[in-house]
Amino acid sequence: MTDPTTPTPDGPAPPPAVQAEGVVKRFGPTLALDRVGITVEAGDSHALVGRNGAGKSTLVSVLTGLHVPDAGRVSFQGEPAPAAGDTAAWQSKVACVYQKSMVVPDLTVAENLFLNRLGSGRVRWSALRARARDLLAEYGVEVDPAARAGDLTVEQGQFVEIARALSFGARFIILDEPTAQLDAAGIDRLFTRLRDLQRQGVAFLFISHHLQEVYDLCSTVTVYRDARHVLTATVAELGKAELVEAMTGEAASHTAAWHATSAARDTAGRQGAEAGPEPEAVLRADGLGLEGAFDPVDFAVRPGEVLGLAGATASGATALGETLVGLRRATAGRTLVAGRPVRPGSVPHALGAGIGYVPEDRHRQGLVLGRSVAENATLSVTDQLGPYGTVLPSRTREFARRMISSLDIKTSGPGQPVSDLSGGNQQKVVIARALARDPRVLVAIRPTAGVDVKSKDSLLGVVRSVAERGDAAVIVSDELDDLRVCDRVIALFHGRVIAEFDSGWTDRDLVSAMEGLPSGGDKGAEE
Amino acid sequence: MSDTSQLTAADVAAPDRAPSGAPRLHLSRYRDLSLIPVILVLGVIGFIVSPAFLTSDNLIGVLQQVSELSLLVLGEAMILICGRMDLSLESTIGVAPVIAMWLVMPSSGSATYHGIGLLPGWTSVPLCLLVGLLIGGFNGFMILKLRVNGFIATLGMLTMLRGLQDGISQGKSIVEVPRSFSYLGGASWIGAPAAVWICLVLFAVGGLALGYLRHGRALYAIGGNSEAARAAGIRVDRITWIVLAVGSLLAAFAGVLYVGHYGAISSTQGDGWIFQVFAATVIGGVSLNGGRGTLFGALTGVLTLQLVVNVTTLGGVPPLWDKFLYGAIIIVALIISRFASGEKQD
């Protein structure tokens, strides 16, 4: 609505794209939505934010017809919502683009676009492709309709899904964490496309943990907390501190934790100074390289230091992290922990050498979802839970209980399946496991992906505490909040170290370095 | 959403949950015991149908019949928990004894089957087990090193090994086997067949290993999420390889028991068993997707299948209906467990 380019007719304002009032949804004893409402105007981009467990996902389910609310009304463009189960009618009203792509990977783009709408009789492939090309062109999506959907990038996949939704006639699209797997350039392109569509009258509900994106893209924001509606405001009139306060229900003091590293840095610096001129590095990469991923790099992490490896998805930063922990075998150079080389390409040896690992994607690499919290937390220490290779359940539970209390994991007990926990608590279990062996150096790849603001603080606090007890940590991320706790940041771009920053970098400098423009780096481009 | 529910659940549950862990333990074990009532009901039905059912002869007979199959189930259950599958077990049970015989039987003499007489007769059991180990090792090589599809690779092995058995044995049953080879399957210890005791011990050992050894626990992690297991420092490929080899070793050992039990190596030994093996493991609560199930559950699965057959046989149902019954009980068990556990099985 606030977009000046929206063609506003002179007549009465168009009905809102979606309006929900007094929606109540219960799952057994749990109240997932407590008389909440939301109104998204036509052509508006509306952000829905809240911590994990605030009720966002349930609202999405209600708005897309997957769940029937126990009470309350939902209407689209002034008309009541279709009956439950009338999929076709729902599809013509609303669509949701999820974090995970919902396309069928082995079919072509054209087939995915017209899935279950191939028409009657024989499939006319050339006509189908032509229709797909027209549809994609209409929304400015540059994708070959004959390409296999599985070969698309995440970004292209999202565009295809958006185009598909629009082709059903939907004028309201829900984006559930659409930027989680995109690099900054991809996010830019996505936002440009979304603004174009807004001008055509499409309304968006944007769900994100990334508050900066809310400010970049949205004009209105609604905050939910603990299944209740807290506030709806114009983004321009709401400060970040107030927004965080609304989400957490606490005064904004804790946002300071994001930047509270200066104190810690001072301590680390003092420790370094006291220990003499050059304390031995806890972790040293010695010409470490992986062909096709990153060029040989040298760096050292001192005791008490947190090193950031910054880089977008394709920069090689993740590959570097995975090489450090032995998931990938380096093609050049070596890794040393406390001066001793680590056997390359072997996770057990890296663990033994004292490298703890928090993997990038907790669902794919971090957790065995069907198993209990205790089992997941002790997965890397099974050799310490009993004599002669045995794993004693009592000791496992005891170990897990210690982890649960020291990291404040919200769970009903060590025996609870880890899949029942919220994202932030699941991530704590992953970190618990990495810390279980008392590592000399903790390597964490995007440790706060998809967790809420409060968990983010405590997770980063845990990483920081590893350094404070005299060990070291490496954070691989492109999230500025993650990198803010680092004492030093090395930025990678296309597999090369492009800049190195000491503390005190500005967001703009680091972001531009990750984008391949190392103008602001302390030491500038090395090549 | 999940966060709120966790918070409330934890807050509510914490006071009474903390002092005693008993209710939780009970719930988590319930799943493995789910076939026990079924077995009891089958016992009652059997008792009503025929007075011969509840005699020790009949019950021991059931156990003896089930012993060879149960070893395959033991192997397959471990392989499935680890997230793999091996169809070739049903051929290993036949081909391993035949290869052992081929190596030890003299090339001439009164026996109807002539081997190459390379090794003395007492080596037949170790040879048979070694063949099993090699077959499992080769399966592991194909699945883990060549990264071919495990289902098709072991399906190919199933057919190939069956053909190898036919070729080596010239399609005939081998009736003369060394004493040492037939002993275990025929002997009787403390009033029950040795095979029954051996099976029970192996299940107990396997169950304890999976429950209380770090490498046993690793199977669940590997089957549940092999990437996560690898990232946690578990040697995923090595352990999977060992499990595949042990599975085939157990199948070869089942072959030894079978030969001792029936006195000859039948040319169709084990033919078609893999279907029952999978049925027993799955109704026993082992997930086909890996990472879930127990050996105790798998054992109750085999017993259930065999009791159904026994009860219906005693009830005068012709054996020609056995297959129908097998199929029916699998489907009923699947549907019941689907709704009892509330989890989708796709």
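If you're matching them up, the sequences are chains Y and E in order.
Heads up, the first sequence is in the numbering used here, so the first residue is 55 and it goes up one at a time.
Heads up, the second sequence is in the numbering used here, so the first residue is 56 and it goes up one at a time.
Ideal placement from N, C-alpha and C gives every residue a C-beta, glycine not left out.
This structure is a prediction, so every number in the text was calculated from the model and none was measured.
Any chain Y beta carbon closer than 9 Å to Tyr381 of chain E: no
By the three-class DSSP mapping on this structure, what secondary structure does Ala347 of chain Y have? coil
Assuming Gly240 of chain E and Val311 of chain E are in contact, meaning their beta carbons sit under 8 Å apart, how far apart are those beta carbons, in whole angstroms? 6 Å
Pro441 of chain Y to Leu268 of chain E, Cα distance in whole Å? 10 Å
Could you tell me how far apart the beta carbons of Val122 of chain Y and Ala138 of chain Y are, in whole angstroms, since I believe they sit closer than 8 Å? 5 Å
Exposed or buried, Ala521 of chain Y, counting other C-beta atoms within 10 Å across all chains shown (16 or more means buried)? buried
Beta-carbon neighbours of Asp437 of chain Y, restricted to chain E and to distances below 7 Å: Arg269
Would you mind working out which of E:His270, E:Arg285, E:Arg347 and E:Gly261 sits nearest Leu127 of chain E, comparing C-alpha positions? E:Gly261
Compare the C-beta of Ala404 of chain Y against all C-beta atoms of chain B and say whether one is closer than 9 Å. Given the protein chain composition of this structure (Y and E), no chain B is represented.
Can you tell me which of E:Ala107, E:Ser322, E:Asn280 and E:Thr295 puts its alpha carbon nearest to the alpha carbon of Arg202 of chain E? E:Thr295
Our contact map puts Val363 of chain E next to Ile384 of chain E with C-beta atoms below 8 Å; I'd like the distance itself, whole angstroms only. 5 Å
Can you give the Cα-Cα distance for Ala347 of chain Y and Tyr381 of chain E, rounded to whole angstroms? 54 Å
Taking a contact to mean a Cβ-Cβ separation below 9 Å, would you say His316 of chain E touches Ser179 of chain E in this structure? no
Scan the region 287-321 of chain E for residues whose Cβ lies nearer than 8 Å to a Cβ of chain Y and list them as they occur along the chain. Ala287, Gly288, Ile289 and Arg290
Is the region 201-213 of chain Y close to the region 163-171 of chain Y, with three or more CB pairs under 8 Å? yes
Segment limits, alpha helix (DSSP H) that includes Val96 of chain E: Ile91 to Val104
Have a look at the DSSP bridge pairing and note the partners of Ile171 of chain E. None; Ile171 of chain E has no bridge partner.
Buried or exposed for Pro468 of chain Y, please, with buried defined as at least 16 other CB atoms from any protein chain shown within 10 angstroms of its CB. buried
Buried or exposed, going by whether 16 or more other CB atoms sit within 10 Å of the CB of Tyr238 of chain E? exposed
Contact with chain E by Arg418 of chain Y, beta-carbon distance below 9 Å: yes
Check whether the region 93-104 of chain Y and the region 256-266 of chain Y touch, using three or more Cβ-Cβ pairs below 8 Å as the test. yes
Cα-Cα separation, Lys510 of chain Y to Gly424 of chain Y: 24 Å
Taking 9 Å as the CB-CB limit, is Ala276 of chain E close to chain Y? yes
What in chain Y is Cβ-close to Ala283 of chain E, meaning under 7 Å? Gln419, Gly420, Leu421 and Val422
Which bits of chain Y does Gly346 of chain E rub up against, with CB to CB less than 8 Å? Val422, Gly424 and Arg425
Going by DSSP, what residues sit across from Ser33 of chain Y in a beta bridge? The structure shown has nothing for residue 33 of chain Y, since chain Y only spans 55 to 581.
Under a CB-based cut-off of 9 Å, is Leu344 of chain Y close to chain E? no
Can you pull the chain Y residues whose beta carbon is under 8 Å from the beta carbon of Arg272 of chain E, in chain order? Glu429, Thr436 and Val445
Please report whether the beta-carbon of Gly399 of chain Y lies at a distance below 9 Å from any beta-carbon of chain E. no
Is there a Cβ from chain E that is less than 9 Å from the Cβ of Leu337 of chain Y? no
Hey, which unbroken runs of the alpha helix (DSSP H) at 4 residues or more fall wholly within the region 177-222 of chain E? 179-195
Going by DSSP, what residue range makes up the alpha helix (DSSP H) through Ser448 of chain Y? Pro447 to Leu461
Opposing strand residues paired with Thr276 of chain Y [DSSP bridges]: Y:Leu102 and Y:Thr286
So is Gly246 of chain E in contact with chain Y if we call contact Cβ pairs under 9 Å? no
Nearest-angstrom Cα distance between Val565 of chain Y and Ala384 of chain Y? 27 Å
Through-space distance from Glu334 of chain Y to Leu496 of chain Y, alpha-carbon basis: 17 Å
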